[in-house]
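S.K.: Read in the working numbering, the sequence shown has 52 at position 11, and its numbers run on one by one without any break. Just dropping this structure here.
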Amino acid sequence: MSHPNQGVTPGAAELSAMLARVADGDTAAFQAFYDRTSAKLFGAILRILIERQESEDVLQDVYLSIWRKAATFDPSKASPITWAATIARNRAIDRLRARPPRAHVPVEQAFDLADDGPAPDASLMHSQDARRIAAALAALEPRHAAAIRACYFEGATYDELAAREQVPVGTLKSWVRRGLIRMRTLLEGTEA
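Structural data, given as structure tokens:
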């Protein structure tokens, strides 16, 4: 079954009219044209360049070119989206060719380039542990939690902290000990 407008994409007439208004300097028409076509053009550029930031930069150049060249668009030669996609494709290829050559390293050498940082699962476990510790500290009496933070995270000594809190050293040690016992209970999950 053939369609009378076969070969003409839906909205081509509307996009052509937008480009005609863009050629006259109509910024609202340009915004409308951008809204209707940018996702498709960005996808085409991204397939060529792979890198998102670079593709976004090229997309901006493409629309600047469309703004400047809108008067040269001829609907008898191509649909508006084909015309715009050709500009996008050419800009992406130009950018690809302008890239400095990249060194190719054999796969066998990848182990020499390995990241010595913690593995992703270790980082995840560390962040989960940190959240659990923060929650356990938050459940403590505020004086006990503050004493533990000062001793274990800030490096304060018992003497320094006792002087700061104006309590005997024995009292401060008792706060820390009781707080640590309660934290262990919370972290082990033996208390709801």
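Backbone N, C-alpha and C define an ideal beta-carbon position, used for all residues, glycine too.
#1: Check whether the stretch 100–109 and the stretch 126–134 touch, using three or more Cβ-Cβ pairs below 8 Å as the test.
#2: Per DSSP, what kind of secondary structure is Arg140 in: helix, strand or coil?
#3: Residues in the same chain with beta-carbon distance under 6 Å from Ala187, minus the five sequence neighbours each way, listed in chain order, please.
#4: Report the rounded CA-to-CA distance for Pro183 versus Val217, giving the unit in angstroms.
#5: What is the rounded straight-line gap between the Cα of Ser215 and the Cα of Gln94?
#6: Return the residue from the list Tyr104, Ala61, Tyr199 that minimises the CA-CA distance to Ala80.
#7: If we ignore side chains and look at the alpha-carbon of each, how far apart do Ser57 and Pro116 end up?
#8: Just to confirm my understanding: we take Leu202, look at its own chain, exclude 5 residues before and 5 after, and list those with CB closer than 8 Å. What are they?
#9: Quick test of your reading: Ala53 and Ser120, contact by CB under 8 Å. State the CB separation rounded to the nearest angstrom.
#10: Just curious, the alpha helix (DSSP H) that Arg225 is in, first and last residue?
#11: Ends of the alpha helix (DSSP H) at Ala204?
#12: Spatial neighbours of Ala61 within its chain, please: CB distance less than 6 Å, with the 5 preceding and 5 following residues excluded, ordered by chain position.
#13: Would you identify the three-state DSSP class for Ile122, choosing helix, strand or coil?
#14: Note down the Cα distance separating Ile222 from Leu181, rounded to an integer number of angstroms.
#15: Under three-state DSSP, which class holds Glu95?
#16: Would Thr78 be called buried (16 or more neighbouring beta carbons within 10 Å of its own) or exposed?
#17: Let me know if Gly48 comes out buried or exposed under the rule of 16 or more other beta-carbons within 10 Å of its beta-carbon.
#18: Can you tell which of Arg205, Gly66, Gly230, Ala171 has the C-alpha that lies nearest to the C-alpha of Ile107?
#19: Straight-line CA distance for Gln72 to Pro141?
#20: Please determine, among Val208, Ala111, Arg138, the residue with the shortest C-alpha to C-alpha distance to Val63.
#21: Among Leu87, Phe114, Ile122, which residue has its Cα nearest to the Cα of Asp76?
M.R.: Let me spell this out:
#1: yes
#2: Position 99 of the sequence shown holds residue 140. Reduced to three states, the DSSP call for Arg140 is coil.
#3: Indexing the sequence shown from 1 puts residue 187 at position 146. If we look at Ala187 and ignore the five residues flanking it on each side, it has no Cβ neighbours.
#4: Your numbering for residue 183 matches position 142 in the sequence shown. Your numbering for residue 217 matches position 176 in the sequence shown. Taking the straight line joining both Cα atoms gives about 11 Å.
#5: Residue 215 sits at position 174 when you count from the first residue of the sequence shown. Residue 94 sits at position 53 when you count from the first residue of the sequence shown. Answer to the nearest angstrom: the Cα atoms are 55 Å apart.
#6: Here residue 80 refers to the residue found at position 39 when the sequence shown is read from its first residue. Comparing Cα positions, the closest option is Tyr104.
#7: By 1-based counting over the sequence shown, the position of residue 57 is 16. By 1-based counting over the sequence shown, the position of residue 116 is 75. Between Ser57 and Pro116, the C-alpha separation is close to 7 Å.
#8: Position 161 of the sequence shown holds residue 202. Taken in chain order, the residues that qualify are Ala188, Ala191, Cys192, Leu213.
#9: Sequence index remark: in the sequence shown, residue 53 carries index 12 (1-based). Sequence index remark: in the sequence shown, residue 120 carries index 79 (1-based). Their Cβ separation, rounded to whole angstroms, is 5 Å, which keeps Ala53 and Ser120 in contact under 8 Å.
#10: The residue labelled residue 225 in the question sits at position 184 within the sequence shown. Note, Arg225: alpha helix (DSSP H), 210–229.
#11: In the sequence shown, counting from the first residue as 1, residue 204 sits at position 163. Unbroken alpha helix (DSSP H) run through Ala204: 199–206.
#12: Locating residue 61 in the sequence shown gives position 20, where the first residue counts as 1. So the list is empty, once near-sequence residues are dropped.
#13: Mapped onto the sequence shown, residue 122 falls at position 81. Three-state result, Ile122: helix.
#14: The residue given as residue 222 occupies position 181 in the sequence shown. The residue given as residue 181 occupies position 140 in the sequence shown. Going from the Cα of Ile222 to the Cα of Leu181 covers about 10 Å.
#15: Residue numbering aside, residue 95 sits at position 54 when the sequence shown is read from its first letter. Here Glu95 sits in helix by DSSP.
#16: Here residue 78 is taken as the residue at index 37 of the sequence shown, counted from 1. Answer is buried; the Cβ neighbour count reaches 16.
#17: Here residue 48 is taken as the residue at index 7 of the sequence shown, counted from 1. Caution applies to Gly48, whose pLDDT of 45 falls short of 50 and renders its modelled position unreliable; the value that the coordinates give is listed next. With fewer than 16 Cβ atoms within 10 Å of its Cβ, Gly48 is classed as exposed.
#18: Indexing the sequence shown from 1 puts residue 107 at position 66. The residue with the shortest Cα to Cα distance from Ile107 is Gly66.
#19: Walking along the sequence shown from the start, residue 72 turns up at place 31. Walking along the sequence shown from the start, residue 141 turns up at place 100. Spanning the two alpha carbons is a distance of roughly 34 Å.
#20: On the sequence shown, position 22 is the one that residue 63 refers to. Ranking the options by Cα distance to Val63, first place goes to Ala111.
#21: Counting from 1 along the sequence shown, the entry for residue 76 is found at position 35. Nearest of Leu87, Phe114, Ile122 to Asp76, Cα basis: Ile122.
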